[in-house]
Amino acid sequence: MANQPRDAAYWARNVTTLKLGEVPAEAVNLNVTGRRVVGPVQGFGKMWQKTMRVELTGADVTPAEVITTWKNEFQRFWPERNWFYAPLAGIAPGEVALLNLGLPGRMRLSTGVLVLYADDESFTLMTPEGHMLAGWITFSAAAEDGVTVAQIQALERTNDPLYELGYLVGGNRLNSRFWVQTAENLARHFGVDPTVESQVVCVDRHRQWRRAGNLAKNAAVRTFLWTLAAPVRWLRRPRR
Amino acid sequence: MTEGSLITDVRELSSRASVIDLKGDVTASAEKALADAYTRASGKFTRTIVLNFSGLEYMNSGGIGMLVTLLVRANRQRQRLVAFGLNEHYRQIFELTRLDEAIGIFDTEAEAFAEADAP
């Protein structure tokens, strides 16, 4: 189209609430459909910028090839006990993915992400209401001095006081470790020694107490209550 | 101007408000240009910074992140950000990312300036 900005095709269209397509039967499908996306502005906790970089030294792979692989096999690079159910159309602008995340104590959290932006050398996921974090995370690759460097960069706040408490007692470190492991797995896939540089910066130390009400949509609590109610659902199942 | 760069210009609107004119690409690599412009725009009594996006040619998700860090800086300095000059495409991005809930968006320069100069 004439006069469209160069980035027009890379952004998701504006949506009010998320809509999830088909998901596998074994996935827990909660806390996605009908939720709004939330950025760092809408979150509760301190704001963090996390950057994990790994140089793919010795790998004969371009940035675009890294991103193509990353989009196509995103789940593959995640630590165990965490599931990313990719949309049928893949990681493309506007698509919505379901996540089932493993929490400490063998708890699970069902939530999702919106593909906010995707081009040949990067893609960005944005979180919905109820997710542990309010913000976005960008996966990118670029050539630096002849070496392809893969990067994960998140700009986030925890979504509510309960998640913020979790962050204070180790969750922040666990979350950073998750992405370090992801970058390491990506590097190993390309046959490279996984030396990940990690930088975690508190961009804003203030908590946004006016967002404490986000707790009402806490996906971990809702998933837990849904799990507890499993016997009731079993008793109420349709009988022949 | 080469593709991929950001040119900024700072104008003082009043003792309480300044304008940052943005021309080019807002991406993560524009961090220094934006930060320097913000420093120049922030006088002792500056309460409002107006971002003029009418020269915006390209913005990716890294650029949106830059705007969030500008917001953090504004809040820390007890200043507010307002914007004008967004075409329909970029206005929708501001709505999608919900940045419009923190950065006031105005249709025209006059409206943005009137808001910026209000006591």
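Protein sequence lines correspond, in order, to chains W and Y.
Position 199 of the first sequence, counting from 1, maps to 199 under the numbering used here, and the rest follow consecutively.
Position 114 of the second sequence, counting from 1, maps to 114 under the numbering used here, and the rest follow consecutively.
For every residue, glycine included, the Cβ atom is placed at its ideal position computed from N, Cα and C.
In chain Y, which residues lie with their C-beta within 9 Å of the C-beta of residue i?
i	result
Pro-40(W)	Gly-65, Val-68, Leu-71 and Val-72
Ala-8(W)	His-89
Val-113(W)	By Cβ distance, chain Y contributes nothing, its closest Cβ being about 13 Å from Val-113(W), past 9 Å.
List, in chain order, every chain W residue whose beta-carbon is nearer than 7 Å to that of residue i.
i	result
Ile-93(Y)	Trp-11
Gly-62(Y)	Thr-138
Contact criterion: CB-CB distance below 9 Å. Does residue i meet it with respect to chain W?
i	result
Tyr-38(Y)	no
Phe-106(Y)	no
Thr-97(Y)	yes
Gly-24(Y)	no
What residues of chain Y sit near residue i, judged by a beta carbon separation below 7 Å?
i	result
Val-203(W)	Thr-69 and Val-72
Thr-124(W)	Ser-61
Can you give me the start and stop residues for the alpha helix (DSSP H) that residue i sits inside?
i	result
Lys-71(W)	63-72
Arg-177(W)	172-189
Thr-223(W)	219-228
Arg-91(Y)	88-96
Phe-84(Y)	No alpha helix (DSSP H) contains Phe-84(Y), which is instead part of the beta strand (DSSP E) from 80-84.
Asp-117(Y)	109-117
Glu-12(Y)	Per DSSP, Glu-12(Y) belongs to no alpha helix (DSSP H); it is in the beta strand (DSSP E), 6-12.
If we define contact as Cβ-Cβ less than 9 Å, is residue i a contact residue for chain Y?
i	result
Asp-119(W)	yes
Leu-18(W)	no
Asn-214(W)	no
Arg-222(W)	no
Val-66(W)	no
Asn-206(W)	Before going on, a small fix: residue 206(W) reads as His here, not Asn. By this cut-off, His-206(W) is an interface position.
Gln-199(W)	no
Met-107(W)	no
Val-61(W)	no
Met-47(W)	yes
Val-232(W)	no
Gln-153(W)	yes
Gln-72(W)	Just to set this straight, residue 72(W) is Asn in the shown sequence, not Gln. Not closer than 9 Å to any Cβ of chain Y, the Cβ of Asn-72(W) fails to qualify, so no.
Anything in chain Y within Cβ reach of residue i, meaning under 8 Å, just list it in chain order.
i	result
Gln-4(W)	His-89
Val-96(W)	Here the premise fails: no neighbours, minimum Cβ distance about 13 Å.
Anything in chain W within Cβ reach of residue i, meaning under 8 Å, just list it in chain order.
i	result
Glu-101(Y)	Val-41 and Gln-42
Does the ligand HEM have even one heavy atom less than 8 Å from the beta-carbon of residue i?
i	result
Asp-25(Y)	This structure does not include the ligand HEM; it has no bound ligands of any sort.
Distance cutoff 9 Å, beta carbons only. Does residue i sit that close to anything in chain A?
i	result
Arg-76(Y)	As a matter of chain content, chain A is missing from the structure shown, whose protein chains are W and Y.
Can you give me the start and stop residues for the beta strand (DSSP E) that residue i sits inside?
i	result
Gly-102(W)	96-103
Leu-155(W)	147-158
Quiz item: Along the stretch 155-184 of chain W, what residues have a CB closer than 8 Å to any CB found in chain Y?
Solution: Closer than 8 Å at the C-beta level to chain Y, one finds these residues of the stretch 155-184 of chain W: Leu-155.
Quiz item: What are the start and end residues of each continuous beta strand (DSSP E) run of 3 or more residues lying completely inside the stretch 31-69 of chain Y, in chain order?
Solution: Qualifying beta strand (DSSP E) stretches, in chain order: 48-59.
Practice problem: Write down every uninterrupted run of the beta strand (DSSP E) in the stretch 106-135 of chain W whose length is 3 residues or greater and which is fully enclosed by it, in chain order. | Solution: Taking only runs of at least 3 residues, the beta strand (DSSP E) segments lying wholly in the stretch 106-135 of chain W are 107-119 and 122-128.
Quiz item: Just by C-beta distance, which residues in the stretch 38-58 of chain Y are closer than 7 Å to chain W?
Solution: Of all residues in the stretch 38-58 of chain Y, Glu-57 and Tyr-58 have a Cβ within less than 7 Å of some Cβ in chain W.
Self-check item: Residues of the stretch 24-38 of chain W with Cβ closer than 9 Å to any Cβ of chain Y, in chain order
Solution: Listed by position along the chain: Arg-36, Val-37 and Val-38.
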